[in-house]
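**Q** The sequence shown begins at 33 in the numbering used here and counts up one residue at a time.
Could you have a look at this structure, given as structure tokens, before my questions?
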Amino acid sequence: MRFTGQITEIERARIANIGRSETLGNYATETLRGPCAEDLNKGIVQRSSFIEKHPCKAQHVWHLVAKALEAMGVWE
């Protein structure tokens, strides 16, 4: 495999903090439709989920991303 340095966006997700306590957060998440940046910029939501009471101080943000993708059913 040869690396060219060219950056190609193939997916995009949004995670919005919609309220939290000191240790738990609630998040609205979505993935956008499109195989390229031009399509992704249209902002068409492909899947969405709501994550409630995520332990934001105790877990890394990647735990939140994994929960969101699982809740969206991306592996089904």
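Even for Gly, the Cβ is constructed at its ideal location relative to N, Cα and C.
Predicted, not measured: the structure shown is a model, and the values here were computed from it.
My understanding is that residue 59 touches residue 48, with C-beta atoms under 8 Å, so please give their C-beta distance in whole angstroms.
**A** For this step, residue 59 is matched to residue 27 along the sequence shown. For this step, residue 48 is matched to residue 16 along the sequence shown. Indeed, because the Cβ distance is near 6 Å, the residues count as touching under 8 Å.
**Q** What is the residue span of the beta strand (DSSP E) that residue 48 lies within?
**A** Counting from one through the sequence shown, the residue named residue 48 turns up at place 16. Looking at the DSSP string, the run of the beta strand (DSSP E) that includes residue 48 is 45-52.
**Q** When you compare only the Cα positions, how much space is there between residue 87 and residue 94?
**A** If you number the sequence shown from 1, residue 87 lands on position 55. If you number the sequence shown from 1, residue 94 lands on position 62. Rounded to the nearest angstrom, the two C-alpha atoms are 12 Å apart.
**Q** Where does residue 83 land, buried or exposed, given buried means 16+ other C-beta within 10 angstroms?
**A** Start at 1 with the first residue of the sequence shown, and residue 83 comes out as number 51. Label assigned to residue 83: buried.
**Q** Is the separation between the beta-carbon of residue 100 and that of residue 61 shorter than 8 Å?
**A** One-based indexing of the sequence shown puts residue 100 at position 68. One-based indexing of the sequence shown puts residue 61 at position 29. In contact: residue 100 and residue 61 (Cβ atoms closer than 8 Å).
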